[in-house]
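> Using our numbering, read the sequence shown as starting at 289 and increasing by one per residue.
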Amino acid sequence: LRRVSHIAASNQANGVFDSVFDVDFQGTSGNFWTVNGAYMADICLHTGEWKRLRIVHSDMRMANEFTIDADNPDSPCEVYLIAKDGVLVHGSDNQTPRRIATRAMYFSVASRADVAVRCTADGVYTITTDASNGHQVIANIVVTENPDPFAVVLNMDVLPMFQPKRPEYLHSLLHKAANEFSTFLVSFLQIPTDPMQRIAINGDLFHNHSHFVNNMQAGSYQEWTIKNAVSHPFHIHVNHFQIFQNGITGNDTNWTQTGDWLDVLNAAGTVRFRADRFGGTVVMHCHILEHEDEGTM
289 LRRVSHIAAS NQANGVFDSV FDVDFQGTSG NFWTVNGAYM ADICLHTGEW KRLRIVHSDM
349 RMANEFTIDA DNPDSPCEVY LIAKDGVLVH GSDNQTPRRI ATRAMYFSVA SRADVAVRCT
409 ADGVYTITTD ASNGHQVIAN IVVTENPDPF AVVLNMDVLP MFQPKRPEYL HSLLHKAANE
469 FSTFLVSFLQ IPTDPMQRIA INGDLFHNHS HFVNNMQAGS YQEWTIKNAV SHPFHIHVNH
529 FQIFQNGITG NDTNWTQTGD WLDVLNAAGT VRFRADRFGG TVVMHCHILE HEDEGTM
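1) Does the beta-carbon of C332 have 16 or more other beta-carbons within 10 angstroms, so that it is buried, or is it exposed?
2) So within the region 371-441, which uninterrupted beta strand (DSSP E) runs reach at least 3 residues, ignoring any that extend past its ends?
3) Is A329 helix, strand or coil when you go by DSSP?
4) Looking only at its chain, what residues have a beta carbon closer than 7 Å to the beta carbon of S508, apart from the 5 residues adjacent to it on each side?
5) Return the CA-CA distance between N503 and R391, expressed in angstroms with no decimal places.
6) Quick check on DSSP: helix, strand or coil for H573?
7) Inspect the beta-carbon positions of F500 and T584 and report whether they are closer than 8 Å.
8) Run the CB neighbour count on A326, radius 10 Å, all protein chains shown included, and call it buried at 16 or more, exposed below.
9) What separation, rounded to the nearest whole angstrom, lies between the Cα atoms of L473 and Q533?
10) Look up H579 in the DSSP assignment and say whether it is helix, strand or coil.
11) Going by Cα to Cα distance, which pick from P483, R560, H575, I487 is closest to T513?
12) Please name the residue or residues paired with W512 in a DSSP beta bridge.
13) Helix, strand or coil for A466, going by three-state DSSP, please let me know.
14) Identify the continuous beta strand (DSSP E) that holds R486 and give its terminal residues.
15) Is Y246 near R386, with beta carbons less than 8 Å apart?
16) Tell me the DSSP secondary structure of E353 in three-state form.
17) Taking only the alpha-carbon atoms, compute the straight-line gap between S380 and T558 and give it to the nearest angstrom.
18) Leaving aside the five residues before and after V518 along the sequence, list all residues of the same chain whose C-beta is less than 8 Å from its C-beta, in chain order.
19) Are the CB atoms of S399 and V552 within a distance shorter than 8 Å?
20) List the residues that DSSP assigns as beta-bridge partners of D492.
21) Name the two residues that bound the continuous beta strand (DSSP E) containing R669.
22) Using the C-alpha atoms, what's the distance from H573 back to H523?
23) Taking all protein chains shown into account, decide if N539 is buried (16 or more other Cβ within 10 angstroms of its Cβ) or exposed.
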């Protein structure tokens with residue numbers, strides 16, 4: 289999913305229009321969205337068939353919540369959350385998948401999710417953006433009967449839940465004693481004296497590859513508190529982190545839960561992770577591309 293700024297706009301210098309993207313609706317804020325590069329794409333399903341959608345929200349600036357068949361309280365469509373940022377959802381009890389009753393899927397800037405979707409009736413069902421993005425229709429789910437009477441279709445009323453076996457670095461840290469963790473605070477704040485009004489991490493802009501804001505021992509347990517991450521989504525390389533306190537995003541209570549593993553956090557909260565076996569430089573930064581390029585890393 290990609291948001292595209294309204295390119296077909298007037299060039300003030302010569303009045304020429306750039307019509308590379310020629311669409312019939314530019315949205316309330318001069319933006320429109322594409323799905324796999326297509327404007328108003330159709331996603332095809334067969335009736336009653338469960339299909340796994342691996343969604344990448346490649347917007348570089350804005351979070352969004354996409355809802356399937358948003359205006360229909362009796363929708364025949366269902367959504368189950370399987371994984372976020374490439375890791376099976378965990379919650380407090382290591383259960384996956386989770387039913388998303390509202391069919392609302394929240395994505396921070398440049399985050400990912402795997403969902404299972406099915407619709408039990410033929411028809412066309414919209415995928416829309418959230419209110420802050422104008423409730424725009426960005427794609428349709430087109431559901432038809434399978435023409436092949438011998439087709440093998442995964443058709444079950446409820447997706448079974450299970451407890452996945454995880455590698456050691458994704459074992460839950462929710463109940464580990466606090467004194468086993470090294471703690472660290474990450475705060476995104478604007479530098480008042482900076483003419484560019486750039487955002488620093490703990491008062492520091494990126495200098496060079498040999499300037500570090502923290503040191504971790506391989507194998508150590510880390511507990512980090514992240515502040516001001518609503519406007520500046522926090523992203524770290526190498527290690528996924530587990531939500532320990534706060535850090536909840538999305539309107540559906542099943543979309544994000546304490547215990548889930550992520551690598552992008554779009555809300556203030558405390559996270560835990562194990563700095564596994566990797567020894568070397570680990571990058572952390574604001575996941576808004578412009579801020580990262582300006583030194584918020």
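We put the beta carbon where it would ideally sit given N, CA and C, even for glycine.
Judging by the given coordinates:
1) To locate residue 332, count along the sequence shown from 1; it is residue 44. By the Cβ neighbour-count rule, C332 is exposed, with fewer than 16 other Cβ atoms within 10 Å of its own.
2) 392-395, 399-407, 411-416, 425-432
3) Here residue 329 corresponds to residue number 41 of the sequence shown, with the count starting at 1. Three-state result, A329: strand.
4) Taking the sequence shown and counting its residues from 1, the one referred to as residue 508 is at position 220. Hits under 7 Å: S470, A563.
5) By 1-based counting over the sequence shown, the position of residue 503 is 215. By 1-based counting over the sequence shown, the position of residue 391 is 103. Approximately 41 Å, taken between the alpha carbons.
6) For the purposes of this step, residue 573 is taken as residue 285 along the sequence shown, with counting starting at 1. Strand.
7) In the sequence shown, counting from the first residue as 1, residue 500 sits at position 212. In the sequence shown, counting from the first residue as 1, residue 584 sits at position 296. In this structure, T584 does not lie closer than 8 Å to F500 by Cβ.
8) Counting from one through the sequence shown, the residue named residue 326 turns up at place 38. Exposed.
9) Looking up residue 473 in the sequence shown gives position 185. Looking up residue 533 in the sequence shown gives position 245. Near 14 Å, if we compare the C-alpha coordinates of Q533 and L473.
10) If you number the sequence shown from 1, residue 579 lands on position 291. Here H579 sits in helix by DSSP.
11) Position 225 of the sequence shown holds residue 513. Among P483, R560, H575, I487, the Cα nearest to that of T513 belongs to R560.
12) Working through the sequence shown from its first residue, we reach residue 512 at position 224. In DSSP, W512 forms a bridge with F472, V559.
13) Here residue 466 is taken as the residue at index 178 of the sequence shown, counted from 1. A466: helix per DSSP, three-state reduction.
14) Here residue 486 corresponds to residue number 198 of the sequence shown, with the count starting at 1. R486 -> no beta strand (DSSP E), and no H or E assigned at all.
15) For the chain, the structure presents residues 289 to 585; residue 246 sits outside this window and is missing.
16) Within the sequence shown, the letter at position 65 stands for residue 353. If DSSP states are grouped into helix, strand and coil, E353 belongs with the strands.
17) Indexing the sequence shown from 1 puts residue 380 at position 92. Indexing the sequence shown from 1 puts residue 558 at position 270. When rounded, the distance between both Cα atoms is 15 Å.
18) Position 230 of the sequence shown, counted from the first residue, corresponds to residue 518. Short of 8 Å from the beta carbon of V518, and not among the five residues preceding or following it, lie these beta carbons of its own chain, in chain order: N554, A555, A556.
19) Working through the sequence shown from its first residue, we reach residue 552 at position 264. Working through the sequence shown from its first residue, we reach residue 399 at position 111. Yes, the Cβ-Cβ distance between V552 and S399 is below 8 Å.
20) Here residue 492 refers to the residue found at position 204 when the sequence shown is read from its first residue. D492 is bridged to I489.
21) Beyond the ends of the chain as shown, which are 289 and 585, falls residue 669; an answer cannot be given.
22) In the sequence shown, counting from the first residue as 1, residue 523 sits at position 235. In the sequence shown, counting from the first residue as 1, residue 573 sits at position 285. H523 and H573 have their C-alpha atoms spaced approximately 6 Å apart.
23) Start at 1 with the first residue of the sequence shown, and residue 539 comes out as number 251. That one is exposed.
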